[in-house]
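First up is the structure itself, then whatever we jot down about it.
Number of protein chains: 2
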Amino acid sequence: MAPQLDAFFKSVDTEADHYIDRLAQAVAIPSISAEEERREDVIKMGHWLKGQLEQLGAHMEARDLGKQPHKEHLQLPPAIIGRYPAKKDDSKRTILVYGHYDVQPANLSDGWATEPFKLSVDNKGRMYGRGSTDDKGPVLGWVNVIESHQKSGVDFPVNLLMCFEGMEEYGSEGLDDFIIAECKPGKFFADADAVCISDNYWLGTEKPCLTYGLRGCSYYSIEIHGPGQDLHSGVFGGTAQEPMTDLVRVMSSLVDTNGTILIDGIKDLVAPVTEEEKSLYKDIAFTMDNLYESLGSKTGIFPDKERTLMGRWRYPSLSLHGVEGAFSAPGAKTVIPAKVTGKFSIRTVPDMEPDDVDKLVFAHCNKFFETLQSKNTMRVFLQHTGKWWVASPKHWNFTAAAKAVEKVWGVKPDLTREGGSIPVTLTFEQATGKNVLLLPMGSSTDAAHSINEKLDRRNYIEGIKLLGAYLHYVAEEPTH
Amino acid sequence: MAPQLDAFFKSVDTEADHYIDRLAQAVAIPSISAEEERREDVIKMGHWLKGQLEQLGAHMEARDLGKQPHKEHLQLPPAIIGRYPAKKDDSKRTILVYGHYDVQPANLSDGWATEPFKLSVDNKGRMYGRGSTDDKGPVLGWVNVIESHQKSGVDFPVNLLMCFEGMEEYGSEGLDDFIIAECKPGKFFADADAVCISDNYWLGTEKPCLTYGLRGCSYYSIEIHGPGQDLHSGVFGGTAQEPMTDLVRVMSSLVDTNGTILIDGIKDLVAPVTEEEKSLYKDIAFTMDNLYESLGSKTGIFPDKERTLMGRWRYPSLSLHGVEGAFSAPGAKTVIPAKVTGKFSIRTVPDMEPDDVDKLVFAHCNKFFETLQSKNTMRVFLQHTGKWWVASPKHWNFTAAAKAVEKVWGVKPDLTREGGSIPVTLTFEQATGKNVLLLPMGSSTDAAHSINEKLDRRNYIEGIKLLGAYLHYVAEEPTH
Chain W
1 MAPQLDAFFK
11 SVDTEADHYI
21 DRLAQAVAIP
31 SISAEEERRE
41 DVIKMGHWLK
51 GQLEQLGAHM
61 EARDLGKQPH
71 KEHLQLPPAI
81 IGRYPAKKDD
91 SKRTILVYGH
101 YDVQPANLSD
111 GWATEPFKLS
121 VDNKGRMYGR
131 GSTDDKGPVL
141 GWVNVIESHQ
151 KSGVDFPVNL
161 LMCFEGMEEY
171 GSEGLDDFII
181 AECKPGKFFA
191 DADAVCISDN
201 YWLGTEKPCL
211 TYGLRGCSYY
221 SIEIHGPGQD
231 LHSGVFGGTA
241 QEPMTDLVRV
251 MSSLVDTNGT
261 ILIDGIKDLV
271 APVTEEEKSL
281 YKDIAFTMDN
291 LYESLGSKTG
301 IFPDKERTLM
311 GRWRYPSLSL
321 HGVEGAFSAP
331 GAKTVIPAKV
341 TGKFSIRTVP
351 DMEPDDVDKL
361 VFAHCNKFFE
371 TLQSKNTMRV
381 FLQHTGKWWV
391 ASPKHWNFTA
401 AAKAVEKVWG
411 VKPDLTREGG
421 SIPVTLTFEQ
431 ATGKNVLLLP
441 MGSSTDAAHS
451 INEKLDRRNY
461 IEGIKLLGAY
471 LHYVAEEPTH
Chain Z
1 MAPQLDAFFK
11 SVDTEADHYI
21 DRLAQAVAIP
31 SISAEEERRE
41 DVIKMGHWLK
51 GQLEQLGAHM
61 EARDLGKQPH
71 KEHLQLPPAI
81 IGRYPAKKDD
91 SKRTILVYGH
101 YDVQPANLSD
111 GWATEPFKLS
121 VDNKGRMYGR
131 GSTDDKGPVL
141 GWVNVIESHQ
151 KSGVDFPVNL
161 LMCFEGMEEY
171 GSEGLDDFII
181 AECKPGKFFA
191 DADAVCISDN
201 YWLGTEKPCL
211 TYGLRGCSYY
221 SIEIHGPGQD
231 LHSGVFGGTA
241 QEPMTDLVRV
251 MSSLVDTNGT
261 ILIDGIKDLV
271 APVTEEEKSL
281 YKDIAFTMDN
291 LYESLGSKTG
301 IFPDKERTLM
311 GRWRYPSLSL
321 HGVEGAFSAP
331 GAKTVIPAKV
341 TGKFSIRTVP
351 DMEPDDVDKL
361 VFAHCNKFFE
371 TLQSKNTMRV
381 FLQHTGKWWV
391 ASPKHWNFTA
401 AAKAVEKVWG
411 VKPDLTREGG
421 SIPVTLTFEQ
431 ATGKNVLLLP
441 MGSSTDAAHS
451 INEKLDRRNY
461 IEGIKLLGAY
471 LHYVAEEPTH
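Here the protein sequences line up with chains W and Z, keeping their order. The opening position of the first sequence corresponds to residue 1 in UniProt numbering, with each subsequent residue numbered one higher. The opening position of the second sequence corresponds to residue 1 in UniProt numbering, with each subsequent residue numbered one higher.
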């Protein structure tokens, strides 16, 4: 039978201002993981979060993740892990949830309309502030779910395991090994029956979605060097082979204007589109105007929504990010850079094995560079890799979430994939061996990572209801 | 008859330590024109120089050049101009000399072995310090020439006009108009019979040279933009046309690994090599090992010295300097830059008219970009231009300088051109209508603009003698 959620929902509405105030408190702590001088604030934020949950009776631990690799003077923020209720109820399912309490850098001078570390709510209910949607809103969503169960007297439907980290915006340093260790038998996360992550966004602004796939990312550097030091183009132009000349040629051999990857063999690694899959795209709530609005231009590759969504979700892409070591400032400098490093990455999809992609990339670059017959030296290497992830959207974890969406929002959710990567998703899947669900709270216009990041009040408050409802549906969903 | 220089030379040797101390005082003033916070030091340096010359009885003026364009809060350093003797002797020729008292930026942390603003003399007589060779040593050379004439009782052979500026390392802001105005009849520089600039270097380390040609430089930007703001490659990779993809293609269409310019029509603008010119190169004191040593590698384009010197002096070259607006830091960032600007410049030679070069560059880029059929927008524009300069090395100004070199160094100088640009050279030629001579003091290993800039004690002291001897020979050279 359908869960009785009315009292819980009513409490969420009653406590809305209190929950917004809680978000304001969290936003006020500038927990920027990428900035060394903010590390104390990140750690403070972790302990503040732990305190909020302890006040609600959760069993919480701050786990030391050691020192930051390559920056041994810097302590990593702790993994804040917990269990609610504090004592496990063996009659109930156990759901592991993940979020992060660190945020991207932000300065008023970057162009923010309001102070980034002060939550500012406008008359349309848009709550501006760094971390509001990414990911403090969703993380506090779980806290508020617990509080509204207590306040409404509704029995908590599951055993909730929590894993909140403080380095997500800086590569989740130290977290993978920790998760793998804690998912082993007898350890903290061993009992998880399913995993839920709320750290992504709706495809648009009106229709909720459940996300079952992510692309991977393999990031490469092409380093070309020749002279022993930077040269003056007046003195040496026309007498020396220039690394930049070779680099732009190698970079231009990788991809064309329409995004077609020109590396031999890459497209053979991509799983073919099935007829069933083709039919999925037409129903997704997405239009070309959505794309143009988010691009801020009409410079899309494809004229139709289906091929655009496939371009984002299920085909690989190759982006050239920039050049290190060359002149990159405004103005004019007549330098011949001695060593330049081109950066590019490939978004990967099923069935591309990262090792196979590496081999094709290296072979292509080396073969192309050879045709230049340059005396300069080239080295191509992988900077980092994260594999793609695709879950089954027919799993009970997703079925439960879909029912919760319908209960709270009154519509069936879109089933989406994402073009980006959330590497921890794959880690949780592999470490627990269980289904992982991405259940977003915010919408496509939230501007995570940009200036004027916001979370709509409606998405926050209804999102708290959604997370709570999900726990009720997932508690009683048939598992066969 | 040959000038009697012995007493003057002897005084230079006697006063050597005093002249080195004068250079140390000048180096100690960090007159960095490119750094706003050093502007007071640049101005201080100008007044210090004026004071040194006034103590020797010269008539000196500090001329206001106004505010810095686009930085109206910044006062430009004055042009320090002067005349020695203070009262013109109408029986003597008038020689106008130019130098600059500002320097390139320098920080110990850039990799200097010694404090850059403290002149440090090692046991091989290498005098390290920012500005030692570029251009405080040569500028003080003229001061020391005056002092040693006074101390030795040798009659000063010419009327010396001086023009010393404080913005050479930052585009000589404000100077061109000033020179043009002061060369007009009745103005300060109106009487100049010839011009001498000491602000370049020997081709090697052992043989002095006189320089009669410089390449010009036309500096361009290729700006390509598409999306309204930077995009995340996970979300938008594979759905949007990316400006960087187009930019590397346009940049790679300009030049190849061997430095061949691929812009239609450029090579037709270049003056053909005559048989007479061909014969000049083989006698120049330069070897391929000199090139490899200064490159710090063997990545030269041509295997022979003649073609290499022609590549530097008399053929155009095109260098790609870098990209503004893309990711240029170390590490990995998965950004799709919304607007990127590629920078490149062409070193120009006779008979390339800058306007013709612009037209060919714009036409090439626009035509090539059209073949990409991109929805992005491209704009190509000229950042700045400076024309090439070639003087007649058979002019009496050069003949006199060659005699001075032979007197001081015991060898005939190489007659060289340079690959770089000294735009003020052309300004003086056009404004005075007289012959301009480049008479370098330092050697090829002085590392002007780099870390560990130095001037050899020998080049400084013998260089003072050379400048003095030049004034004697130029005073009596037949002018037919």
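Where is the CB? At the ideal position from N, CA and C, for every residue including glycine.
Other residues of its chain near Z:K412: CB distance less than 8 Å, five sequence neighbours each side excluded: A402, V405, E406
Distance between beta carbons of Z:G237 and W:S317, contact taken as under 8 Å: 3 Å
Other residues of its chain near W:L96: CB distance less than 6 Å, five sequence neighbours each side excluded: L161, F189, A192, V195
Distance between W:H449 and Z:S253 (C-alpha atoms, nearest Å): 35 Å
Of the residues W:D304, W:E293, W:T299, the one placed nearest W:I284, counting alpha carbons only: W:D304
Reduced DSSP category for Z:S279 - H, G, I as helix; E, B as strand; rest coil: helix
Local Cβ density within 10 Å of Z:R417, reported as buried at 16 or more and exposed below that: buried
Contact set between the region 338-354 of chain Z and chain W, restricted to residues whose Cβ is under 7 Å from the partner: K343, S345, R347
Within-8 Å CB hit, Z:Y315 to chain W: yes
Minimum Cβ-Cβ distance from W:N366 to chain Z less than 8 Å: no
Cutoff 8 Å: W:K375 Cβ touching any chain Z Cβ: yes
Span of the alpha helix (DSSP H) around W:M60: W:M60 -> not in any alpha helix (DSSP H); beta strand (DSSP E) instead, spanning 59-63.
Terminal residues of the beta strand (DSSP E) in which Z:I81 lies: 79-84
W:K136, buried or exposed, once every other Cβ within 10 Å from all chains shown has been counted against 16: buried
Three CB pairs or more closer than 8 Å across the region 207-218 of chain W and the region 345-358 of chain W: yes
Beta-carbon neighbours of W:Q383, restricted to chain Z and to distances below 9 Å: G331, A332
Paired residues, beta bridge with W:R379 - DSSP: W:E223
Z:H73, enclosing beta strand (DSSP E) - first and last residue: 71-75
Endpoints, beta strand (DSSP E) assigned at Z:C209: 209-214
Z:Q229 at chain W interface by Cβ criterion, 8 Å: yes
Assigned secondary structure, W:E453 (DSSP; H/G/I helix, E/B strand, else coil): coil
Test: residue 526 of chain Z CB closer than 8 Å to a CB of chain W: Outside the displayed range of chain Z (1 to 480) lies residue 526 of chain Z, so it cannot be described from this structure.
Within chain Z, partners of W:R215 - CB distance below 7 Å: G234
Closer than 8 Å to chain Z by CB, W:R379: no
Proximity test, Cβ basis, 8 Å: Z:N144 and chain W: no
beta-carbon W:K187 near the ligand FMN non-hydrogen atom, thresh 7 Å: Within the structure as shown, the ligand FMN is missing, as the structure has no ligands at all.
For W:V361, three-class secondary structure by DSSP: helix
The region 254-261 of chain Z touching the region 318-337 of chain Z, judged by at least three CB pairs closer than 8 Å: yes
Range of the contiguous beta strand (DSSP E) that encloses W:K407: W:K407 -> not in any beta strand (DSSP E); alpha helix (DSSP H) instead, spanning 396-409.
Cβ neighbour criterion (16 or more within 10 Å) applied to Z:Q104: buried
Whole-angstrom C-beta distance between Z:M60 and Z:G166, which should lie under 8 Å: Between Z:M60 and Z:G166 the Cβ distance is about 14 Å, and since that is not below 8 Å, they are no contact.
Residues sharing a beta bridge with W:Y98, DSSP: W:C163, W:I197
Through-space distance from Z:A363 to Z:G141, alpha-carbon basis: 47 Å
Span of the beta strand (DSSP E) around Z:G322: 317-324
Contact check, Z:A113 vs Z:N366, beta carbons under 8 Å: no
Buried versus exposed, by CB contacts within 10 Å (16 or more), Z:R249: buried
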